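S.K.:
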Amino acid sequence: MRTAVAIPFLLMIAACAHVDYIGRSYAPTNHVDLFFAEKDVTHEYEVMGKVVATANDLVSAEKLQAKVLEKAQSKGADAVVLLGLDRYKSGENTNYRETTEDKGRKTTTTGHSNTSSEEKKEVQALFLKYR
């Protein structure tokens, strides 16, 4: 029973996005413009900060984008310029189990190894404040 409850909880935690922001903060905004290149921004602006959002591969790119926009609103940004989406291998996990049986003079050892890759997504963006 505990396993049935723990697995969905662990998947929920593993699927969360993490957003790191460095820069200035202003009063929260209700709307944030979205751009994919700085040259597309028509207003005068200053770059108020930079964000890096990461999540495992279970999180969709759309959800990661939504988390960036949510953070932008909370920091008072008027616009976000998404700089790119990258996927990378963040690590591997290997489990190995070995069993030895001793039957008189004959010893049998068996081993089993299982390796899985951990994939991550990363979005980088600039937060802009209009002048």
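Residues -17 to -1, 1 to 114 in mature numbering (1 follows the signal peptide of the UniProt record, and there is no 0) are what the sequence shown spells out, letter by letter.
Backbone N, C-alpha and C define an ideal beta-carbon position, used for all residues, glycine too.
Since we're looking at a predicted model, the values are computed, not measured.
Please report the distance separating the alpha-carbon of N13 from that of E75.
M.R.: 41 Å
S.K.: Please state whether DSSP places S57 in a helix, a strand or coil.
M.R.: Three-state DSSP puts S57 in a helix.
S.K.: Identify, in the order they occur along the chain, each residue of the same chain with its Cβ nearer than 6 Å to the Cβ of S73, setting aside the five sequence neighbours on each side.
M.R.: E101 and K103
S.K.: Roughly how many angstroms lie between the CA atoms of D61 and K33, to the nearest whole one?
M.R.: 13 Å
S.K.: Taking just the CA atoms, how far does T77 sit from L(-7)?
M.R.: Unreliable placement is indicated for L(-7), whose pLDDT of 47 sits below 50; the coordinate value is still reported in the next sentence. If you take the alpha carbons of L(-7) and T77, they lie about 19 Å apart.
S.K.: Can you tell which of V42, N39, K50 and K58 has the C-alpha that lies nearest to the C-alpha of V30?
M.R.: Here the closest residue by C-alpha is K58.
S.K.: Is it right to say A(-4) is buried, meaning 16 or more other beta carbons lie within 10 angstroms of its own, or is it exposed?
M.R.: No answer about A(-4) holds up, because its pLDDT of 49 lies below 50 and its placement is not dependable.
S.K.: For Y71, which beta-bridge partners are listed by DSSP?
M.R.: Residue pairing for Y71: DSSP places it in a beta bridge opposite K103.
S.K.: Note down, in chain order, each residue of its chain lying with its Cβ closer than 6 Å to the Cβ of E105, except the 5 sequence neighbours on either side.
M.R.: T37 and D69
S.K.: Determine the closest residue to residue 123 out of D3, L66 and V24, with distance taken between C-alpha atoms.
M.R.: In the structure as shown, the chain begins at -17 and stops at 114. Residue 123 is therefore absent and cannot be evaluated.
S.K.: Say the cut is 6 Å; is the CB of K112 nearer than that to a heavy atom of the ligand PLP?
M.R.: This structure simply doesn't include the ligand PLP, nor any ligand for that matter.
S.K.: Let me confirm a value: residue 116 is counted as buried when at least 16 other C-beta atoms fall within 10 Å, else exposed. Which label applies?
M.R.: Coverage of the chain is limited to positions -17 through 114, which leaves residue 116 absent and any answer about it impossible.
S.K.: Taking the DSSP output, what are the residues bridged to F18?
M.R.: V64
S.K.: Label D3 either buried or exposed according to how many other C-beta atoms from any shown protein chain fall within 10 Å of its C-beta, with 16 as the threshold for buried.
M.R.: exposed
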